[in-house]
Structures are given as structure tokens and as C-alpha cells.
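Q: Before I ask anything, here is the structure I am working with.
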Ligand SMILES: [Mn+2]
Ligand SMILES: [Mn+2]
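Residue numbers (UniProt numbering), protein chains in the order written: chain Y, 1 to 319; chain D, 1 to 319.
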């Protein structure tokens, strides 16, 4: 029997990978139990990833003893479930030749449309894993200890240990309950372990760092790329910053981008140095109310690409 | 304080109206209880309708003693929640000038996009009211007797008393539980009362009948209209059928339609006579595998516009 592939977005982050694993598990349990929710498609669900794991996700899966999902980048001819995204630019190649069974997400409503009614659950939470946790509760399916662990890790990752403005009470409550199941007593100590793994920039090439968590957008017909590297201190990036900037210039030329921004986010200082290459610096000024100083601007309190960088950019492009 | 308006689709049916009322009630209870789910917007939610009620919906609201929602067709400058639709063609005028707070639907994923993450809950159920019922359960909010009654009525209406192919186990389970709360013992007897009200075509103008449940679609760049009249017997329409057909021709010319189809659905025979006016009869043949005989074709077993008429038409237009 064919399978249903559960895929997060390109340049997978911890939420994309762990929510895919969690939702695939939940779905398989529902099919086994004969639940009406999953009744139309009875194939086994398996989580996949669209790219290399970042070091944080690697740490998380290893910590909870969960194997790395298979790589899959092409959706043609496959049944798929999308988690943590609903935009064509972030999804599997040839998505038009895939059958989308469901979408579970926490972003703005993207441009994926479907010919038939499907399950599409999107909530304005800080993390997809919080929604997956809520679905376990809704369907009264028990969460295994290691699944609780990776869903918790996803929440801590996406909300930067509840510091990001995207954090909601919904996420905090989900994290609390998951921590109990996973047997993790000191949430903040565990989060710091994750972030240290995430900050591991030593020995990585500038291009790897740029692409660690990189997404493409179309804004007013222009191609825009936005990446993010989160570190416990920006000092860790001091030596490679210039090389990364050169890489951004190259990628801009190769990929026909109008603008590429890269968030160098300092988790402890709770702010972001935004590296910018662009055809039109006035867009950056319009978006963030600050002139570019050399290669970058400092954005105090900015930690979320989704909520604090993409919307003002879109607005600046649209205006 | 401003309000949040909960709106179903244009040409409202029982599901659109009753799900709006049910979800508005649920939301207000969540805000009162300080639930994290509703925490960002604390305005009072009120159900509205985009057009006249059909006789079935009138019967249902009267039966359960619920007042008719206010008419509202323009979303400009308002906070809105959309239920039972996610397509621009079926939503409020000036939706781009509205702030969409949430969408609760059971159709294919439409073309509404949002600048920010919102709650978007879509499930492949037979009725939006089944999802609203599930949300009451999820948030552990008690369903008042009369709200249970109208949500039940919406399920019976959208699923044609569970006869439509769109019906899922999810709907049946929801209806059972709602019937208990509403104190309705004989579901089928209640459904027949509703359908008799719905079949009330006496004294209605041909244009009223055509627009009773009418939706606009864009198919491969062409404007297509699709309406439905459900009756307990087609005999009830024998006298007005020619006049309705003339009306379809007029509306086609006035509205610049490529095609208008009107489903005359016989609830008891479980089939549909499809009246057709079109620039290209071959599209109908391609969609349904049958040549037009005069003004119409008979489609045995076809009762759902959403699942059995719109998808084959879209496919035929796309090919
Ligand atoms: Mn996420
Ligand atoms: Mn409906």
C-alpha cells in the first residue's frame, strides 16, 4: 500500500520536523482506532523532511531517541500532508501533481488551494506543535513520552523559550503539559541546551549558515529571501559575518532576488541584526523605520521573521 | 466597542446562518472565560447574514426561537469571521478592507489569503455545523438547547438527512449528540418538516427560486453560476420550470455568465434535474458524460453541488 507523506517546509526547522513526526503518529493511531476523522485515507503516514536538519533539530531527535525522517523534496504522484506551512514557495516540488490530504499550520493563510475539501487546521499560535498537541487531546490519543519531548522542543524552538512575540497562552499551556509527559522538569535548562546546539556555527560554511533557515517569498511580484540564524550571542558570528554577506550577494545574483535579508538573532539580547542586500534600500527604511548602516540594521526586540520581519517588508513592498 | 461579525456565504443556506450563530455564541463564551484561544480579540461576536433567509432556515430559526441575524453584505473596515466558505466570490464585498479573524469551513480551500496568522479550521465534513459542534467539545463549552437544535438542523440540511455523499461519520456522530441536547427524538420526522418548508415554492417568483441557493464561480477564467432548489418532489416545480429557465437566460445575459446551471434536486428520488444555459454545451457533456436533452439532464444519485457538480464542471472547463 502506498503511504501518506507528512512534510514540513523547505529548510526544515525543529517545528517542521517534530510536528510532522507527531502528526504522522497521531494519524496512524486514529486509522488503527477506526476514527471517522481519518477514515477516507487509511495509508500509513510517515514523516519526511525537505532538507538537511539544522543542528538544533539533530540534537532534539537524538536526545529523545527518534530516527531522522527520510529526505523527500518532490510531491509528484504522492499523497501528502503539509505541516508548518501553506505557501507554494515553501512546499514540495510539483505540489500540483500531489494529492494534499491535510494542512496543519500556524502561519498566515498561504496560496495553496485544493480541488476538494480537506482538513486545514491553522491557528495563530507560536508553533505548529501546539496545535498537534491539541489534536492529540481532541481525539483523546495518548502522547508517547518521546513524542511529547519533541513536540515540547518544537514549541521551545519556535517561541524561543516563550520570548518571541508570537508566543501565546495556548503554547505555554501545551508546553507545560508536554513537559510533564516527557518528564522534563527544568524547561529553561533544556531550552538552553537546544539553543547551544542551534548556535553551533563552528566549521559551517557561509552558504550553509545562510541556508540554515531560509525562505522564499514573492512580494509585489519581486523575489525576496529571508533567512534567520539564532545564536546565544552574536559574538559567535563575528568572524563569519563578512563571508556570509558575500554569500548573500552571490545568492542574490544567482537566484534573481530583489532583496535578501538575513536575521542574526541574539536569543539572550532579544534582538536581531538584519543583514541586507537589496536593489532598493528605501524598502528596508520604509519597513523598519531605520536607514541601513553599512550592511545591516539592528532591530531591538525583533526575534520573529514571521511576525516582525515579513509583514513590514510585505507592507513596504506593497505600498 | 466595535464588534466581530460572523458571516456565512452569499445566498445563505441553513448551515451558513446556523453555524454563524453557533460560532458567535461559542466565541463569546470563550472570551468571557478568558480562554487563550480567543484572547487577542475581545469584541463581542455577532452573527450576520449576506442575504434573505431561505424558507428552510426561516422555519429552523422560528422552531428554536432564535432571532434572524442582521443583514450585512459589506466587510469594509470591519473585523469578520467567515463560516461555511473560503472563496472570494462567496464572501463579503470589500473583503480586502476587512480584518479576517478566523475561517471555519468544510469546503475546498479557496483563494482567501491573509497578511497574518489566523484561525482557519477546515475539515472534509458534510457540514460546518459539525465542526462548530466539535469546537464546543474541544473547548468544553456547554451547548445551549436551542443552539444544539439549529446546529443539528444545519447538519440535516447540508447532508440532506445523511443521504448526500458528502455525509461523514463525523456528521452523524455530531448530529446524534446534538439531537440529545436539543431533545429531538425522531430525527427523520424533524428533517421532513424542514424539507417541506424548504420545498415551499408556491407564490415565489422565478428569480427568487433561481437565487434561493446560488453561487458564483470562476472556472478557467469564465464566470459560472450554480444554483440549487431542493424539493420533496419535482412535481412541485413542474409549473414554474419554464419560467425559471427563462430567468436563467436573462441572468446569464445580464451577468455576463458563460454558463448557469440550476440543480432541481429531488430529495426523495435522490437525484437532480440539471437545468443548463451555456455558451458551450460540450462542457456539460464533458462534465457529466451525458448530452443535454432540451434544457436539462437528469443526474441520478447527484445531490451535492459541492461534491458532484462543481468538481466535474471545473475539470471540464480546465481540460
Ligand atoms: Mn513553526
Ligand atoms: Mn455548509
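All C-beta atoms in this analysis are idealised placements derived from N, C-alpha and C, irrespective of residue type, glycine included. Just so you know, these numbers come straight off a predicted model, no measurement behind them.
1) Are there 16 or more other CB atoms within 10 angstroms of the CB of residue 228 of chain D, so buried, or fewer, so exposed?
2) By the criterion of Cβ-Cβ separation under 7 Å, what are the contact partners of residue 22 of chain Y in chain D?
3) Looking at the C-beta of residue 15 of chain D, does it have a partner C-beta in chain Y at a distance below 9 Å?
4) Residues in the same chain with beta-carbon distance under 6 Å from residue 272 of chain Y, minus the five sequence neighbours each way, listed in chain order, please.
5) Using 9 Å as the limit for Cβ to Cβ distance, is residue 123 of chain D near chain Y?
6) Should residue 308 of chain Y be labelled buried (16 or more other beta-carbon atoms within 10 Å of its own) or exposed?
7) Is it right to say residue 318 of chain D is buried, meaning 16 or more other beta carbons lie within 10 angstroms of its own, or is it exposed?
8) Going by DSSP, which residues form a beta bridge with residue 216 of chain Y?
9) Could you say which of Y:31, Y:249, Y:184 lies nearest to residue 152 of chain Y if we only look at CA atoms?
10) Taking 8 Å as the line, does the beta carbon of residue 154 of chain Y fall inside it for any heavy atom of ligand 1?
11) Consider the C-beta atom of residue 19 of chain D and the heavy atoms of ligand 2; say whether any pair is separated by less than 8 Å.
12) Could you name the residues that DSSP lists as bridge partners for residue 121 of chain Y?
13) Could you list which residues in chain D have their beta carbon closer than 8 Å to that of residue 173 of chain Y, in chain order?
14) Go through the region 4–75 of chain D residue by residue and report every complete run of the alpha helix (DSSP H) that reaches 4 residues or more, in order.
15) Give me, in chain order, the residues of the same chain whose beta-carbon lies closer than 6 Å to that of residue 42 of chain D; leave out the 5 immediate sequence neighbours on both sides.
16) Report all residues from its chain with a CB closer than 7 Å to the CB of residue 131 of chain Y; omit the five preceding and five following residues, and keep chain order.
17) Determine contact between the region 51–61 of chain D and the region 197–205 of chain D, defined as no fewer than three beta-carbon pairs at a distance below 8 Å.
18) Compute the minimum distance between the beta carbon of residue 127 of chain D and the heavy atoms of ligand 2, and state whether it is under 8 Å.
19) With a threshold of 9 Å between beta carbons, is residue 317 of chain D in contact with chain Y?
20) Give the residues from the region 98–128 of chain Y that approach chain D closer than 7 Å (Cβ to any Cβ), ordered along the chain.
21) How should residue 249 of chain Y be labelled, buried or exposed, when 16 other C-beta atoms within 10 angstroms of its C-beta is the threshold for buried?
22) What I want to know is whether the C-beta of residue 13 of chain Y ends up closer than 8 Å to one or more non-hydrogen atoms of ligand 1.
23) State the DSSP-derived secondary structure class of residue 313 of chain D, mapped to helix, strand or coil.
24) Is the beta carbon of residue 67 of chain Y less than 9 Å from the beta carbon of residue 48 of chain Y?
25) Once DSSP output is grouped into helix, strand and coil, what is the label at residue 141 of chain D?
26) Compare the beta carbon distance of residue 310 of chain Y and residue 217 of chain Y with 9 Å and say whether it is the shorter of the two.
27) Suppose the cutoff is 6 Å on Cβ atoms and the five residues either side in sequence are ignored; what does the same chain contact list for residue 207 of chain Y look like?
28) For the alpha helix (DSSP H) that residue 192 of chain D lies in, which residues bound it at each end?
29) Would residue 134 of chain Y pass as an interface residue toward chain D - the criterion being a Cβ-Cβ separation below 9 Å?
30) Output, in sequence order along the chain, the residues in the region 155–169 of chain D whose CB is closer than 7 Å to any CB in chain Y.
31) Could you tell me whether the Cβ atoms of residue 7 of chain Y and residue 25 of chain Y are closer together than 9 Å?
32) Go through its chain and collect everything with a Cβ distance to residue 110 of chain D's Cβ below 6 Å, but skip five positions before and after it.
33) In terms of residues, what are the limits of the alpha helix (DSSP H) holding residue 242 of chain D?
34) Rounded to the nearest angstrom, what separates residue 20 of chain D and residue 59 of chain D at their Cα positions?
35) State the DSSP-derived secondary structure class of residue 128 of chain Y, mapped to helix, strand or coil.
36) Out of curiosity, what's the CA-to-CA distance linking residue 240 of chain D and residue 201 of chain D?
A: To lay it out plainly:
1) If you number the second chain from 1, residue 228 of chain D lands on position 228. With at least 16 other beta carbons inside 10 angstroms of its own, residue 228 of chain D counts as buried.
2) Taking the first chain and counting its residues from 1, one reaches residue 22 of chain Y at position 22. The contacting residues do not exist; residue 22 of chain Y stays about 18 Å from chain D at best.
3) On the second chain, position 15 is the one that residue 15 of chain D refers to. Output row for residue 15 of chain D: interface = no.
4) For the purposes of this step, residue 272 of chain Y is taken as the residue at position 272 of the first chain. Counting only Cβ-Cβ distances below 6 Å, and skipping sequence neighbours, we find 263, 265, 299, 302.
5) Start at 1 with the first residue of the second chain, and residue 123 of chain D comes out as number 123. Taking Cβ atoms only, chain Y reaches closer than 9 Å to residue 123 of chain D, which makes this a yes.
6) For the purposes of this step, residue 308 of chain Y is taken as the residue at position 308 of the first chain. Residue 308 of chain Y should be labelled buried.
7) On the second chain, position 318 is the one that residue 318 of chain D refers to. When all chains shown are included, residue 318 of chain D counts as exposed.
8) The sequence position of residue 216 of chain Y within the first chain is 216, counting from 1. Beta bridge pairing from DSSP links residue 216 of chain Y with Y:225.
9) Taking the first residue of the first chain as position 1, residue 152 of chain Y is located at position 152. Per the Cα distances, Y:184.
10) Looking up residue 154 of chain Y in the first chain gives position 154. Under cutoff, so the answer is yes.
11) Translated into positions along the second chain, residue 19 of chain D becomes position 19. Answer for residue 19 of chain D: yes, Cβ within range of ligand 2.
12) The sequence position of residue 121 of chain Y within the first chain is 121, counting from 1. Residue pairing for residue 121 of chain Y: DSSP places it in a beta bridge opposite Y:104, D:121.
13) In the first chain, counting from the first residue as 1, residue 173 of chain Y sits at position 173. Within chain D, the residues near residue 173 of chain Y are 36.
14) Taking only runs of at least 4 residues, the alpha helix (DSSP H) segments lying wholly in the region 4–75 of chain D are 14–32, 55–63.
15) Here residue 42 of chain D refers to the residue found at position 42 of the second chain. Within its own chain, the residues whose Cβ lies closer than 6 Å to the Cβ of residue 42 of chain D, once the five positions on either side in sequence are excluded, are 31, listed in chain order.
16) Residue 131 of chain Y sits at position 131 when you count from the first residue of the first chain. Counting only Cβ-Cβ distances below 7 Å, and skipping sequence neighbours, we find 104, 106, 121, 123, 125.
17) The region 51–61 of chain D makes contact with the region 197–205 of chain D: 3 or more CB pairs, one atom from each, lie closer than 8 Å.
18) Position 127 of the second chain, counted from the start, is the residue given in the question as residue 127 of chain D. Taking the Cβ of residue 127 of chain D as the reference point, at least one heavy atom of ligand 2 falls within a distance shorter than 8 Å.
19) In the second chain, residue 317 of chain D corresponds to position 317, counting from 1. Between residue 317 of chain D and chain Y, the shortest Cβ-Cβ separation is not below 9 Å.
20) Those residues of the region 98–128 of chain Y that come within reach of chain D (Cβ to Cβ, closer than 7 Å) are 106, 107, 108, 109, 110, 111, 112, 113, 114, 115, 116, 117, 118, 119, 120, 121, 122, 123, 124.
21) As a first step, residue 249 of chain Y is located in the first chain; it is residue number 249 there, counting from the start. Classification of residue 249 of chain Y: exposed, given that the 10 Å Cβ count is below 16.
22) Here residue 13 of chain Y refers to the residue found at position 13 when the first chain is read from its first residue. Result yes, Cβ under 8 Å from ligand 1.
23) The residue labelled residue 313 of chain D in the question sits at position 313 within the second chain. Assignment of residue 313 of chain D by DSSP, reduced to helix, strand and coil, places it in the helix class.
24) Your numbering for residue 67 of chain Y matches position 67 in the first chain. Your numbering for residue 48 of chain Y matches position 48 in the first chain. Not in contact: residue 67 of chain Y and residue 48 of chain Y (Cβ atoms no closer than 9 Å).
25) Translated into the one-based positions of the second chain, residue 141 of chain D becomes position 141. Residue 141 of chain D carries a coil assignment under DSSP once its states are collapsed to helix, strand and coil.
26) What you label residue 310 of chain Y is simply residue 310 of the first chain in a count that begins at 1. What you label residue 217 of chain Y is simply residue 217 of the first chain in a count that begins at 1. Cβ distance < 9 Å, so residue 310 of chain Y and residue 217 of chain Y count as in contact.
27) Sequence index remark: in the first chain, residue 207 of chain Y carries index 207 (1-based). Same-chain partners within the cutoff: 247.
28) Taking the second chain and counting its residues from 1, one reaches residue 192 of chain D at position 192. In the DSSP annotation of this structure, the continuous segment of the alpha helix (DSSP H) that includes residue 192 of chain D starts and ends at 187–198.
29) As a position in the first chain, residue 134 of chain Y is number 134, starting the count at 1. Yes, because at least one Cβ of chain D sits closer than 9 Å to the Cβ of residue 134 of chain Y.
30) Residues passing the 7 Å Cβ filter: 168, 169.
31) For the purposes of this step, residue 7 of chain Y is identified with residue 7 of the first chain, where counting begins at 1. For the purposes of this step, residue 25 of chain Y is identified with residue 25 of the first chain, where counting begins at 1. Not closer than 9 Å, so no.
32) Taking the first residue of the second chain as position 1, residue 110 of chain D is located at position 110. Scanning its chain for C-beta atoms nearer than 6 Å, with the 5 sequence neighbours on each side dropped, one finds around residue 110 of chain D the residues 86, 87, in chain order.
33) Here residue 242 of chain D is taken as the residue at index 242 of the second chain, counted from 1. Counting along the chain, the unbroken alpha helix (DSSP H) around residue 242 of chain D starts and ends at 241–255.
34) The sequence position of residue 20 of chain D within the second chain is 20, counting from 1. The sequence position of residue 59 of chain D within the second chain is 59, counting from 1. Straight-line Cα distance between these residues: approximately 17 Å.
35) What you label residue 128 of chain Y is simply residue 128 of the first chain in a count that begins at 1. In the structure shown, residue 128 of chain Y adopts helical secondary structure according to DSSP, grouped into three states.
36) Walking along the second chain from the start, residue 240 of chain D turns up at place 240. Walking along the second chain from the start, residue 201 of chain D turns up at place 201. Rounded to whole angstroms, the separation of the alpha carbons of residue 201 of chain D and residue 240 of chain D is 9 Å.
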